[in-house]
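Structure first, commentary second.
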Amino acid sequence: METKSIMIVGVGGQGSLLASRLLGNVLLAQGYDVKVSEVHGMSQRGGSVVTYVKYGDRVYSPVVEKGEADAVISFEMLEAARCLPYLKKGGHLITSTQQIDPMPVITGAAEYPEDLAGKIKAAGVDLVAVDALALAEEAGTAKASNVVLMGVLASLTDFPEELWQSALEQCVPPKFLELNKKAFELGRNAR
Amino acid sequence: MKKLMLGNQAFARGLYEAGCRIVSSYPGTPSTEITEEAAKYDEIYAEWAPNEKVAMETALGASIAGARAFCGMKHVGLNVAADPLYTAAYTGVNAGLVIAVADDQGMHSSQNEQDSRHHAIASKVPMLEPSDSGECKDFVKLAFELSEQFDAPFIVRMSTRVAHSQSIVDTVDREELPLKEYTKTPQKYVMMPAFAKGRHVFVEERTRKLTEYAETTPLNRVEISDSAEFGVITNGAAYQYVKEALGDKASVLKLGMVNPLPVKLIQDFAAKYDKIYVIEELDGIIEQHCRNIGVNNVQGKEIFGYIGELPQSVIAEKLLGQKKDFVALEENIPVRPPVMCPGCPHRGLFYCLSKNKITVSGDIGCYTLGAAAPLFAVDTTICMGASISALHGFNKARGAESEHKTVAVIGDSTFMHSGMTGLVNIAYNDSNSTVIILDNSITGMTGHQQNPTTGKNLKGDPAAAVNLEELCRAIGIKRVRVVDPYDLAQTEAAIKEELAADEASVIISRRPCALLKYVKHAPALKVDTDKCVGCKMCMKLGCPAISMKDGKAVIDHTQCVGCGICQQQCRVGAIE
């Protein structure tokens, strides 16, 4: 199988680490060669955070570049727009509609662009925009929007449901498991 | 058992399986997790040392004593540890000694982009370089064996991509090794001239033998493709990019041992093709070696340059002329630079410095972010500890004119690493300098590591804590005071008083990192929009939780930790 590439993007502290671990677990259980690449350190302090997940028979480069991603999953609208160029033609862009102002917007040096979802759709991109934050809060905590988005991804892919469930069981501490399973379910049915 | 592991985690697994007993390191992105993961194995004694030089000397001592030992650091850390490294090359080892050095191609989290292979060459220490997590584990285990076989410390060179990418690793059990016997051998371990001369002869002979080994080791591997139009010589992360970009269009010589480099292996490979491309990130070390051994059909740096990473798109474009299509919005997308977190104790301190237009000699840590908008507080950032020594030099050069308006800022961990010696210099050579220690009770930027001031060790157990006030006084600084950076008035007054004083002083700005689990946060603050006059005084703090909506300040309740700095800043009492 040709190597597939997924990008998970967001703002430092939004929980992309758990999302990529869930996905990595599902892919590993499917018997694929898998690489997951993340950048630690400086960029985690409220900056843009990018994780690459690649799978196939044999994965070489851990990095996803412009025009290569089969799916981009974004936790934030501006980051979705920023990472649009990484999407392959015909790839899926899944985003939370949450907006977090970056420092140039906060200081007034720049403006947060309006109607990014509309503009992305107008560019002919297959966009799934979900209010992941609201769904996560419905599940019990705003922090679970990462798992909501994994639920959305699950609805677009055909990995067996039990693999997602066992990945959740492996990656989430028992006391938050039910909450996260609910968040996943809400994401799965959000589209 | 097959598992997905970070390169650093796999490295630690290699330490474990190889029977490594002693680990001493200083944190530094992208090397930190090797030591954190190693500390999770009960069979390994693991510690954070105050700096990389201490860590390497500790590991060397353990090796001489007969235990397999390890120390890890980032590329710039090896500069600090270069002194023991260059002589450890001469002493060699008793039990195996492995050193990890993690380069940061692309400078994701570093102040320079140096290529650590130069240190391996200059110190005559052999160096291996894995390309994925599986190789990290395998190379570490082999490095211990080779270290003992060749009587040499072995460096394993990591890179950001190899260290921080997860790939599949097959784990096995640990091999428990007894301590090797220690025998007093001054001609090997006492490096004074008479003995060192003998050891230098040994080192040169060892390099000759290692070069022979490099010709046949499975670490260096030729992958022939029948449809290849040219050959590629590559190493490390670049190997993965080469395979992805070129597939079977190229035959590949993958060098897993990057010092010393083989001669005949390269000559024979290069003879098979008209064109050989050397694809190596950062400097042209393999390429230059090729030319030195008469292999002149190589091209490398003239095509790929010396800067940053060489991912598949660069290789595909330069060698195959291929570019991928993509869609982009015409919209200007504002950048999202890293920022100090909401409630960061550094914010109040930097605001006071910025407001009073003070020249700031900066250092390495989260507080480097004080250089960014809107605070623009930091004037210089060079290397660990440089804030204090550079301040001393700055003040010696400009005298009274700068003494009363220039400070150094340095974190608690960085102060322990190499700031103390600079402060000794200030006291001893009498400069009227003001040093601010940003004591947030943790090593922040690298992800919360304990250090000698925190009262806990790497395993989280209670440990002796350096008392910073007493230490500064013992060094000879008479004016030492502590402020709470959440109290803007107190902090600003302290800065003004200490700058006005006619002797050296230290201000300890003390408040734990807001991200520490044990730190209790106050409820989020709110703006009373009736009172808010939209003056934007609160915006000057650069807090990511505060923004302006319809001419009034708004506080994001999901981000605010109630530190109260904006409240003190508000002239109309609109924040409650």
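Residue numbers (this note's numbering), protein chains in the order written: chain A, 1 to 191; chain B, 1001 to 1576.
Glycine included, each C-beta is placed from N, C-alpha and C at the ideal position.
In terms of alpha-carbon separation, which member of the options lies closest to residue i?
i: residue 1544 of chain B; options: B/1277, B/1278, B/1347; result: B/1347
i: residue 129 of chain A; options: A/58, A/79, A/50, A/4; result: A/79
i: residue 1482 of chain B; options: B/1465, B/1464, B/1508; result: B/1508
i: residue 1433 of chain B; options: B/1424, B/1439, B/1441; result: B/1424
i: residue 6 of chain A; options: A/154, A/120, A/166; result: A/154
i: residue 1342 of chain B; options: B/1559, B/1103, B/1066; result: B/1559
i: residue 8 of chain A; options: A/189, A/190, A/152, A/164; result: A/152
i: residue 1264 of chain B; options: B/1442, B/1288, B/1256, B/1295; result: B/1295
i: residue 1187 of chain B; options: B/1091, B/1012, B/1461; result: B/1091
i: residue 1077 of chain B; options: B/1537, B/1096, B/1115; result: B/1115
i: residue 136 of chain A; options: A/32, A/186, A/87, A/73; result: A/186
i: residue 1574 of chain B; options: B/1421, B/1017, B/1104, B/1535; result: B/1535
Using the Cβ count rule (16 or more neighbours within 10 Å means buried), how would you classify residue i?
i: residue 1227 of chain B; result: exposed
i: residue 1338 of chain B; result: buried
i: residue 161 of chain A; result: exposed
i: residue 1353 of chain B; result: buried
i: residue 975 of chain B; result: Residue 975 of chain B lies beyond the stretch modelled for chain B, which goes from 1001 to 1576, so this question has no answer here.
i: residue 1491 of chain B; result: buried
i: residue 184 of chain A; result: buried
i: residue 1336 of chain B; result: buried
i: residue 1446 of chain B; result: buried
i: residue 1493 of chain B; result: exposed
i: residue 1454 of chain B; result: buried
i: residue 1291 of chain B; result: exposed
i: residue 1040 of chain B; result: exposed
Looking only at its chain, what residues have a beta carbon closer than 6 Å to the beta carbon of residue i, apart from the 5 residues adjacent to it on each side?
i: residue 23 of chain A; result: 53
i: residue 1299 of chain B; result: 1277
i: residue 21 of chain A; result: 171
i: residue 3 of chain A; result: 54, 56, 59
i: residue 1022 of chain B; result: 1045, 1062, 1067, 1069
i: residue 1057 of chain B; result: 1084
i: residue 1012 of chain B; result: 1034, 1037, 1038
i: residue 1109 of chain B; result: 1029
i: residue 1377 of chain B; result: 1350, 1353, 1354, 1360, 1370
i: residue 51 of chain A; result: 8, 16, 20, 38
What number of angstroms, rounded off, separates the C-alpha of residue i from the C-alpha of residue j?
i: residue 1539 of chain B; j: residue 1552 of chain B; result: 11 Å
i: residue 1242 of chain B; j: residue 1250 of chain B; result: 9 Å
i: residue 1496 of chain B; j: residue 1020 of chain B; result: 52 Å
i: residue 1220 of chain B; j: residue 1202 of chain B; result: 25 Å
i: residue 173 of chain A; j: residue 1003 of chain B; result: 19 Å
i: residue 1375 of chain B; j: residue 1356 of chain B; result: 11 Å
i: residue 1523 of chain B; j: residue 1555 of chain B; result: 12 Å
i: residue 1312 of chain B; j: residue 1216 of chain B; result: 29 Å
i: residue 1137 of chain B; j: residue 1172 of chain B; result: 10 Å
i: residue 1528 of chain B; j: residue 1046 of chain B; result: 52 Å
i: residue 1238 of chain B; j: residue 178 of chain A; result: 43 Å
i: residue 1517 of chain B; j: residue 1359 of chain B; result: 34 Å
i: residue 1383 of chain B; j: residue 1100 of chain B; result: 20 Å
i: residue 35 of chain A; j: residue 1064 of chain B; result: 38 Å
i: residue 27 of chain A; j: residue 159 of chain A; result: 8 Å
i: residue 1086 of chain B; j: residue 1419 of chain B; result: 24 Å
i: residue 1442 of chain B; j: residue 1513 of chain B; result: 7 Å
i: residue 1244 of chain B; j: residue 61 of chain A; result: 6 Å
i: residue 1391 of chain B; j: residue 1230 of chain B; result: 54 Å
i: residue 1144 of chain B; j: residue 1096 of chain B; result: 5 Å
i: residue 1192 of chain B; j: residue 1168 of chain B; result: 47 Å
Since residue i sits in a beta bridge, which residues does DSSP pair it with?
i: residue 126 of chain A; result: A/92
i: residue 1127 of chain B; result: B/1155, B/1259
i: residue 1462 of chain B; result: B/1456
i: residue 4 of chain A; result: A/55
i: residue 1443 of chain B; result: B/1449
i: residue 1221 of chain B; result: B/1254
i: residue 1549 of chain B; result: B/1552
i: residue 35 of chain A; result: A/54
Leaving aside the five residues before and after residue i along the sequence, list all residues of the same chain whose C-beta is less than 8 Å from its C-beta, in chain order.
i: residue 1258 of chain B; result: 1117, 1120, 1127, 1128, 1129, 1157, 1235, 1236, 1285, 1286
i: residue 1580 of chain B; result: Any question about residue 1580 of chain B goes unanswered here, given that chain B covers just 1001 to 1576.
i: residue 1165 of chain B; result: 1006, 1007, 1132, 1133
i: residue 47 of chain A; result: 11, 12
Here's a check: name, in chain order, each residue in its chain whose Cβ is nearer than 7 Å to the Cβ of residue i, leaving out the five neighbours to either side.
i: residue 25 of chain A; result: 167, 170, 171
i: residue 1315 of chain B; result: 1241, 1242, 1245, 1246, 1279
Does the beta carbon of residue i fall short of 8 Å from some heavy atom of the ligand FMN?
i: residue 1510 of chain B; result: Absence of the ligand FMN is noted for the structure shown, with no ligands found whatsoever.
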